[in-house]
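Following: one structure in C-alpha cells, then a few remarks.
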Amino acid sequence: MAAMTAFEPVLTRNVRNPEALTLDGYRKSGGYEALAKALKMEPGEVIEEVKKSGLRGRGGAGFPAGLKWSFIPQKDPNQPRYLVCNADESEPGTFKDRLLMEYDPHQLIEGCAICCWAVRAATCYIYIRGEYTKAAAILEQALKDAYEGGILGDSVMQSGFKLNMYVHRGAGAYICGEETGMLESLEGKRGQPRVKPPFPAVVGAFGSPTVINNVETLCNVPHIINRGADWFKGIGTDERNTGPKLYAISGHVERPGTYEHPIGITFREMLDAAGGMWRGGDLSTLKAFIPGGASAPILPASMIDIKMDFDTVAKAGSMLGSAAVIVMDNTVCMVRSVARLAKFFNHESCGQCTPCREGTNWMEMILKRIEHGEGREGDAMLLKSVAGNVGGNSLCALGDAAVGPVKSLVERFSDEIDAHISGRGCPFPQVRYFNDGV
Amino acid sequence: MPKLTINDRTVEVEAGTNLIEAGIKVGVQIPHYCYHPRLSVVGQCRMCLVEISQGGKKMPKLQAACSTPAGESMEVRTDTPEVREAQKGMKEFFLINHPLDCPICDQAGECGLQDYSFKHGVAFSRFQYEDKRTYPGRERIPLGPTVLLNMNRCIQCTRCVRFTHEVAKTGELGFFNRGARTEIGTFPGKELNNPLSTCVVDICPVGALTSTRFRFAERVFYLDKKPSICTGCDVGCNITVEHRRGDVKRYKPRFNPDVNDYWMCDYGRSTYERYKTLPRLRTCKVRKDGAESLTGWKEALDTVQTRLAAVDGKGGGKVHFLGSGFLTNEEAWLAAKLAGLVNAGTSVQVDVGAGWTIPNLKGGLTGRELAPNRRGAEMMGLKGAAGATSSDTPDVLVVLDSDFGKDAWDPAAVERLRKAAFLVVVGWADSPLAKAADVALPVATHTEKDGTFVNLEWRAQRFNAAFPAPPQVRTTVELLADLLSRFDAQWSGLTPGAVFDRIAAEVPELAGLQWSTLPASGISLKVETPMPPQGPLTAQTPQETAL
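Residue numbers (the numbering used here), protein chains in the order written: chain A, 817 to 1254; chain B, -12 to 534.
Take a look at the structure:
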C-alpha cells in the first residue's frame, strides 16, 4: 500500500476543487502553463515529448498517443487537420471521462489545445455522449470562458496560432464511440464505422487528416508537457505502461466510483481502495471481475493479483480497455450477466457488417435460451463457434467486443452453462435490481 | 504496379486495385456480396475475407479483399482452413434469418445466396431452436413503380442504397434502424422512381428487390439468354434478351464499359413489351378491289415487283422509300440498293424524345432518338430529309419497319402516308398503317433477326437472333434480297453476314470490318463528324411518344 499512499493524484487533482471550473480558478492551480510552454516549443518537439512519455490511449485500444500524432501528414500547410476528442463514453461500466469533464473541463481543453498545436490542427471537436448533458453544459461554459480569456480563438495565448473548439453532442449510439463511426456521425451521417484503410490519420473528418483521442488521454498531455516525459515514465509498471490511470470500479464493491491509481496497480489493491467486497463480504465472495468494460473478457477471482496494465491484462486473455472494472460476487449468475451484455451489444450493433449484425443477435438468443432453461447439449460449443465467427471477422471492433464476454463464459465458466442445461434453468436465486430484459 | 500472388498465381496490377479485381485477373473468384466495381467500397458483407502475408509475415486477422489494395509481394490465399471457416461462418450468418423461400422467390436460380451456399456453405443448420428475425408487413413493399422490396430476404449489402446515391444520384434509398433490425427503405415522402431504378434489382444479390415487370413471370433457370442490343434509343445499350420459347420475359443489361457499363434504363427494359402487347402481322396481306386479303409471299412480292417495275422513275411515276431508325445497317443498305434500281427517293424517320443519360465511366450517353440506328441507316444510303413524304405524295411509297414510331399508329399520319397511290408496308406489327396498306409484308422483330446497329457515338454493334421468327414471317434482309434478285440475280440468297461483308467493301466507314470478327462489345467507326447534331428536342418524354 506504500506506493499507493505516496501517489499524488494527477488527473483528478481538481476534483475536490470547485474553483477549477472557472478559468481563473484553473489558472490558479497552474492551469494553461503547459499550453504556454508547448506553444514555445516546436510542434515536432511536443510530439517527441509525448512519444517519449509512453502515453498510451486510454480509450480502450492502448495505441501510443505520440505515435498516432506523428502519422498526421504535415506536408501541405493549407490542408485542414482536425482533432476529435472522443468523449462518447458509453461502454457499460465506464464513467471516468465524465468525472474529468464535469470537474476539470479546462484540463481537457488545455490537453486538446496542446494536441492541436502538435499536429497543427485548427479545429477541435469534442464529441460528447448525448446523455452527458451536465458535462456538455460545463464544457460549453468552459469553452466560452476560454474564448473570452484568449485561450482559444484567432490567437491562442497571443501566439498567433488559430484554434477553434466545439462541443458536438451525440445522439445515443454506442457505435459512435468507435472512431470512424464517430466521424460519420460528426459529419451528419448515419453513425456507422468506415472501412479501414484509409485510416483517420490520412482521411478522417470531412476527408482530412484527423487525430482521435480519448478524454483521459488528452487530459494527461498537459502534465507530460509540464513535468516532462521522465516524470510520467516514472509512474507505472514498465516502459510500455506508464502514467496515472483512472479506474472506474463498480459492481459488488463497498464504494464504487472512479479512482486514480498509477497504472499497473493490482486488482487486489484496487479492490481494497474501494472498500473491499460489498456488505462486508470477504474476498472469498468474489467470483469474477471484468477488467476493462463490458467488452473485455471476464476474469475469474483466482486472478485477483493481476497487475492492471495494458500488457499484463492482455496476456491474461482479457484487455484493460477503458479500465472500467466490474466486480461480481458469488450471487451472480454468469450466464445471465453475459446474456445481458450480449443484449447490449446486439442492441448497439450498427447492423452494417454481417457477423456483428447476425452474430450478436444469435448469441443473445442462445444465451437467453440457456438462462431460461431451454439450453441444449452442445450449446456451449455452438456459442464458442458463433463467437469465433464474429470475432476477428467484423468490420470494426464492436464485433470483437461482443464476443469477449461470451468467449470467457464458455472458457472459464462452462460449468455454469452445464448447470443451466442439466438443471433446465438458472440455479441462482433471482435477484432483480431492475428489469434487465434477459 | 504491385506484383502479388493469389493462391500461388502471380499477377501484376495497377496500384490501388483491390484484391477481388486482382483475383479476377488470374481466375481466382473471391466471393463477395456488397462489393460492386462501380460502387464505393464498404467492406460490410465480410464474405471476401482472405488471408494475407507479406514478407513471410501473416496478418493477424483475415482481411476483406474488397477494401485491401494490392500491395507489392503480397501473398494472398483464399483456400486456407481459416478462410474456409470464415466463409462458412458468414454463409451461416446470412442464412439464419433468411426465409429460405426459394421455391417462391424470383431470384432462385441467379441468387448469390444459393450460389455461394453450394460453393462455400454447409448443408445443415445450427439455427434450430431460435426464431428467425422477420419484418412483419414488409414482405412486399413497393419502393416505387418498378421495384418491390421483401425485407425478410435482404442481406443488408446496401448495393441498392449506394446505387441510388452514387450512380443514379437521386438518393431515394437509405439504411434505417440498427443492428439485427436494420432495414432498407425509401426516405419519407420519397419513392424509388428514377429512369434507372430497375438497376437496383440487377445488383441485388438476393431476392429482396424484385422487378414489378418480371415478378413471377418466369423461373430464371428456364430462360434462354441471348446477347442483343436495346432498340429503345440511339445509345444502343448492350442487353441480354431472356426468353422462353420465343416469349421474351425481360431485357437485362449486358456489361459494356464503353456504352452502358452495367446499367440500363427502365424505358429500355420495357421495350420488349410492345412485341407482346401490340398485334402482330403474321401473314402477307394484299388489297384487292378495296378489300384486304391474305396471301402467300410469292403473290405479295409479285405485286410489289410489278408496281415497282411499272414506276421505275422514268416517267412512270415517283417512288419513295421511307425507312426507320429500326432498320439494321444490312436492311438499310439493301433498301438503298433497291431504291437505286428503281430511282426512288429515300428518307429515314425517327421519333425524338427528351432522353436521359445512361451513366458510364466517360460520363454517360444521352439518347434522344427513339430508335437505335438512324445514323447507320443514313450511312447506308437511305439519306434525305425526314418528313419528305408529307410534302410530295409519291405514286409508290414503301414504308420499311412499321414499328418505327408514332406515325404507324397515329390516324392523321396514316392518312397522310395513305395519300400515295400504292402503299407497301414492311413491318412486324399489324398497325393502322399496315391495315391501310395495299401490300403489308410481315417481317421479324429485332429479337428474331441478325444485324448491326450504329449508335450515337458511331459504334457498330452486332446482334443475333434470340429465337427464330414465326412461320410465314421473314426477316427484312430475306425479303429485300428476294425483291432485289428479281431485278438482278446477284442478290439472291443473302444472309445478314454476307450483306455486312459487302457493305464493308463498299462503305468507307466500315472498311476492313468483317461480320465474323466484329467484337462483342462493338467497334468505333471512323467518322468525320463524330457527334452529329442532335435532332430537335420536343417536350415529350420517350414514354409518351413510344408505342
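Beta carbons are placed, not taken as given, at the ideal position from N, Cα and C, and that holds for glycine.
Proximity test, Cβ basis, 7 Å: residue i and chain A
i          : result
B:Ser112   : no
B:Val193   : no
B:Val37    : no
B:Glu97    : no
B:Glu260   : no
B:Glu117   : yes
B:Val29    : yes
B:Gly166   : yes
B:Thr197   : no
B:Met77    : yes
B:Arg33    : yes
B:Lys(-10) : no
Presumed contact (8 Å Cβ cut-off) between residue i and residue j, rounded CB distance
i         : j        : result
B:Pro214  : B:Thr197 : So it is not a contact: roughly 23 Å between Cβ atoms.
A:Leu1214 : A:Glu994 : 6 Å
B:Phe203  : B:Lys236 : Not a contact, Cβ separation roughly 11 Å.
B:Tyr254  : B:Gly223 : So it is not a contact: roughly 14 Å between Cβ atoms.
A:Tyr941  : A:Val900 : 5 Å
B:Lys75   : B:Val37  : Not confirmed; about 15 Å, so no contact.
A:Asn1177 : B:Arg120 : 7 Å
B:Leu505  : B:Arg449 : 5 Å
Minimum Cβ-Cβ distance from residue i to chain B less than 7 Å
i         : result
A:Thr1170 : yes
A:Asp1234 : no
A:Met1179 : no
A:Asn1209 : yes
A:Met820  : The predicted position of A:Met820 is uncertain, since its pLDDT is 46 and thus under 50; a value taken from the coordinates is nonetheless stated next. It does not; no Cβ of chain B falls within 7 Å.
A:Leu837  : no
A:Asp1157 : Correcting the residue type first, residue 1157 of chain A is Leu in the shown sequence and not Asp. Judged by the 7 Å Cβ criterion, A:Leu1157 is not in contact with chain B.
A:Cys1166 : yes
A:Leu1198 : yes
A:Arg1173 : yes
A:Val1219 : no
A:Val1011 : yes
A:Asn980  : no
A:Asn1162 : yes
A:Asn1146 : no
Opposing strand residues paired with residue i [DSSP bridges]
i          : result
B:Ala447   : B:Val441 and B:Ile510
B:Gly172   : B:Gly161
A:Met1093  : A:Val1069
B:His230   : B:Asp211 and B:Val235
A:Asn1028  : Here the sequence assigns Ile to residue 1028 of chain A, which means Asn is not the residue at that position. Partner(s): A:Val900.
B:Gly546   : This structure cannot speak to residue 546 of chain B, because chain B is shown only from -12 to 534.
B:Asp248   : B:Asn243
B:Lys44    : B:Gln41
B:Asn5     : B:Pro56
B:Lys(-10) : B:Glu(-1)
The ligand FMN heavy atom lying under 6 Å from the CB of residue i
i       : result
B:Gln74 : Of ligands this structure carries none, so the ligand FMN is not represented either.
For residue i, the nearest candidate out of the options (CA to CA)
i         : options                                       : result
A:Arg843  : A:Asn1030, A:Pro1038 and A:Arg897             : A:Pro1038
B:Glu365  : B:Val383, B:Val337 and B:Asp(-5)              : B:Val337
B:Val386  : B:Ala423, B:Leu357 and B:Arg362               : B:Ala423
A:Leu1157 : A:Ile954, A:Glu907, A:Trp1094 and A:Arg1185   : A:Glu907
A:Pro1013 : A:Asp1234, A:Val1247, A:Cys1212 and A:Pro1245 : A:Cys1212
A:Asp1265 : A:Gly1253, A:Gly1137 and A:His1188            : Residue 1265 of chain A lies beyond the range of chain A shown here (817 to 1254); nothing can be said about it.
A:Asp1195 : A:Ala881, A:Arg985 and A:Leu1225              : A:Leu1225
A:Met1197 : A:Asp1234, A:Glu1164, A:His1188 and A:Phe1161 : A:Asp1234
A:Phe879  : A:Ala1112, A:Asn1057, A:Ser1153 and A:Val1069 : A:Asn1057
B:Phe474  : B:Thr293, B:Gly351 and B:Pro429               : B:Thr293
A:Thr1236 : A:Val1151, A:Gly1208 and A:Val1222            : Checking the sequence shown, residue 1236 of chain A turns out to be His, not Thr. That would be A:Val1151, whose Cα lies nearest to the Cα of A:His1236.
B:Ile128  : B:Ala195, B:Val246 and B:Pro359               : B:Ala195
A:Phe1161 : A:Gly1133, A:His1188, A:Ala1130 and A:Val1206 : A:Val1206
Count Cβ pairs between the stretch 126 to 134 of chain B and the stretch 177 to 186 of chain B that sit closer than 8 Å; are there 3 or more? yes
So, does the stretch -10 to 0 of chain B touch the stretch 1153 to 1168 of chain A, judging by three or more C-beta pairs under 8 Å? no
Do the stretch 1023 to 1032 of chain A and the stretch 1040 to 1048 of chain A make contact, defined as three or more Cβ pairs closer than 8 Å? By the Cβ rule, the stretch 1023 to 1032 of chain A does not count as touching the stretch 1040 to 1048 of chain A, because fewer than three pairs are nearer than 8 Å.
So, do the stretch -7 to 8 of chain B and the stretch 47 to 56 of chain B have three or more beta carbon pairs nearer to each other than 8 Å? yes
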